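Here's the structure we're looking at; comments come further down.
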Amino acid sequence: MVGPSNHKTPNETEAILATQDNNTSADHALNHSKLFSKLNVEDLENLQSTFNSQSLNPSTFSRYTCDQAQFNDFEELRKQIEQCTNSQPQCNDTTTPLSDDLLQEEMNKLKTKFEEQCKKYTEDIQKLTSQHESHLDSLHKEYENLEKEKDTISSQLDDAQSRIHKHKQKISNLKSTISTQSEALSQLQTQQSATQQQLEETSCTLESKLQDIDIMNGELSVAKSYIAELEAKLRAEEASRRKLHNTIQELKGNIRVFCRMRPLLGPEQMEDPLQINFIKEDEIELIQSQESANGSKTVTKSYPFTFDKIFEPKATQSEVFEEISQLVQSALDGYPVCIFAYGQTGSGKTFTMEGPDFPDSDTIGIIPRAVLQIYSTVESLKLKGWEYVMEGQFLEIYNDTINDLLGNGDFNKKHDIRHLPNGKTIVSDLTTVTIDSPEKMKALMKRAGQNRAVASTQCNDRSSRSHSVFMLKLSGKNTYSGEVSEGMLNLIDLAGSERLSQSGSTGDRLRETQAINKSLSCLGDVIYSIANNEAHVPYRNSKLTYLLQNSLGGNSKTLMFVNISSCNAHFQETLCSLRFATKVNSCHIGVAKRITK
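Taking this note's numbering, the leading residue of the sequence shown gets 889, the next gets one more, and so forth.
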């Protein structure tokens, strides 16, 4: 039985195990068997603990790749220690007792050897551990680099996949476009084939048409010759038309009178209207009703009048102008023409001649309509070789003084009237404006209206205080025949007569009314002298009559508008105007003469 001295420390146990390296495998087994027989359980447990503390296990050797023989020895030693540990009682009973000194020596050798091996293996393990850690750090760095590279490659891969997707989409779109274009190309090719066929057919047709054109050119030459003959006949017919037109105007009378009655306006509609019967287009009857001297009954008296044309209140501006348009044509043919409006103040003279303050295409008066007709006719006469130049002048006779309405507003300039041997009438120092468009005529009318003298009286809120005269010179030349004509169209808006007792005029208005009435009285004297075939006609008694000398004296086509009111309150003025118009209508002033060069 082993005493206390047989207890071995772990180091001693390791020394005993170390002695195994100097023996053969058979010796190792025998010695180990003998040695382990001397060890108690505590010694075996210490050896097991030593193995465990040094981590001398298969995984450790495998991990650091130690020598295979060393590993086998340690593995065999470990197994024997486990066997002895498990069979300690039996070994203690069966082993042959050894001397204590020999066991102690073996134990010391084994311990020394084991310690040396453990130290060596520990150094190797530390060295391998250091190498492993260094290698592990390197692997970690390499892993980090690989991760970064992986992220970069992954990002690049995503970009590449995105680009691939876009390119695939683009390729898909291109394929769709190519498909569409292919269809369109196929259609175009089909159309081209059809067009080519049409072109060939058109070429054949063109050749046929060219032959037809040659034939038509020959016919055109014949037609041109025929047209030239017709144009010559047309010019001859035009000359004949002018003669016939002039004859018709002469048969109607060189001084014609139209009567126009204006409608009731504003507050007048509440008053008694004028009693008048429109019997025919050229005949009216003015009715006056008044009580007898004793008041027992109403006495009715009628005043019949006959004129060349009578316009009822409902007549339009267009209808009125249609009747005088023939006289405008006479001016284009080279005759002097005069149209003037006469009547009491507020009877519609300015409306008839010019239109309202803000006219439209329906309400414009005779003057602008005459210009529009002249432009229209001039354009049609161009085909017959006629070319015209239109020049206009606008004046007023205010207090028996001539003022230039198209000038700079200087009414102190003196203007003289001269009558030439060829029938022309000239007013000196007047502004002459070439009228080359209807728009220019409109501007001219506006300018003249702003300069003309008007004022408010008890008889008329906007009474013309002067006689206005628009003179339009029409110079024409036929480029085919060389014929030249020079017509003159005088359009006159006379100031209205007023009774001093009714106008309530004082100061300047009184002097204006007196001058207006005097000039109209002089006009009456001239008309009566002409109607009575007197040897002396007092044209020089006023600027108005002197200016109208050629229009009233025999070489002009003259028409007078007598304008009357619809108000019964104006009965006496209306009766006087109609009587004066009757006297004018009875005047025969001779045959108008055409002015040529």
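No residue lacks a Cβ here, since even glycine has one placed at the ideal position from N, Cα and C. Quick caveat, the model's predicted, so the values are computed rather than measured.
- In the DSSP assignment, Cys1475 falls outside any beta strand (DSSP E) and carries neither an H nor an E.
- When Cβ pairs closer than 8 Å are counted between the two stretches, the segment 1112-1132 is seen not to touch the segment 1158-1173, the count staying below three.
- If only uninterrupted beta strand (DSSP E) runs of at least 3 residues are considered, those enclosed by the segment 1240-1289 are 1274-1286.
- Within a 10 Å sphere around the beta-carbon of Gln1232 sit 16 or more other beta-carbons, which makes this residue buried.
- Counting only the Cα atoms, Cys1092 lies some 12 Å from Gln1084.
- Under DSSP, Phe1166 forms a beta bridge with Ile1172.
- Straight-line spacing of the CA atoms in His1424 and Ile1477 works out to 14 Å.
- DSSP lists Thr1313 as the beta-bridge partner residues of His1307.
- Where Met1329 is concerned, the enclosing alpha helix (DSSP H) starts and stops at 1326-1339.
- Taking 8 Å as the cut-off, the Cβ atoms of Ser1373 and Asp1221 count as close.
- In the three-state scheme derived from DSSP, where H, G and I count as helix and E and B as strand, Ser1373 is classed as strand.
- Burial state of Val1450 is buried, judged by a 10 Å Cβ sphere holding 16 or more other Cβ atoms.
- In the three-state reduction of the DSSP assignment, Tyr1223 falls in the coil class, being assigned neither a helical nor a strand state.
- The C-beta distance from Ser1407 to Tyr1276 rounds to 33 Å, too long to fall under 8 Å, and the pair is not in contact.
- Taking the Cα positions, His1303 is about 19 Å away from Ile1404.
- Contact between Pro1161 and Ser1454 holds, since their C-beta atoms are separated by about 6 Å, short of 8 Å.
- Contact between the segment 1270-1284 and the segment 1233-1247 is absent, with fewer than three C-beta pairs closer than 8 Å.
- Taking Pro1151 as the centre and dropping the five residues before and after it, the same chain places the C-beta of Pro1201, Lys1202, Ser1454 closer than 8 Å to its C-beta, in chain order.
- Beta-bridge partners of Val1145 (DSSP): Met1448.
- Excluding residues up to 5 positions away in sequence, Thr1204, Gln1205, Ser1206 lie with their Cβ nearer than 8 Å to the Cβ of Asp1250 in the same chain.
- For Thr1194, the enclosing beta strand (DSSP E) starts and ends at 1186-1194.
- The three-state reading of DSSP puts Ile1323 in coil, since its state is none of H, G, I, E or B.
- Pairing Glu1242 with Met1333 gives a Cβ-Cβ distance under 8 Å.
- Secondary structure note for Leu1360: its beta strand (DSSP E) is the uninterrupted segment 1355-1366.
- C-alpha of Asn1366 to C-alpha of Lys1272: approximately 8 Å in a straight line.
- If you keep only unbroken alpha helix (DSSP H) runs of at least 4 residues inside the segment 1400-1459, you get 1431-1435, 1437-1440.
- Note: Glu1210 is not bridge-paired with any residue in the DSSP secondary-structure output.
- Here DSSP, grouped into helix, strand and coil, assigns Ser1022 to helix.
- For Lys1301, there is no enclosing beta strand (DSSP E), as DSSP marks it with neither H nor E.
- One alpha carbon belongs to Ser1060, the other to Glu1071, and they sit about 17 Å apart.
- Taking the Cα positions, Val1187 is about 6 Å away from Glu1179.
- A check of alpha carbon separations from Ile1143 across Glu1461, Leu1436, Phe1002 identifies Leu1436 as the nearest.
- DSSP links Gly1384 through a beta bridge to no other residue.
- Linking Lys1189 to Lys1471 through their CA atoms gives a straight-line distance of about 21 Å.
- Here Thr1313 has His1307, Asn1438 as same chain residues with Cβ atoms under 6 Å from its own Cβ, once five neighbours each way along the sequence are excluded.
- Contact annotation, Ala1258 with Leu1379: C-beta distance approximately 7 Å; criterion of less than 8 Å satisfied.
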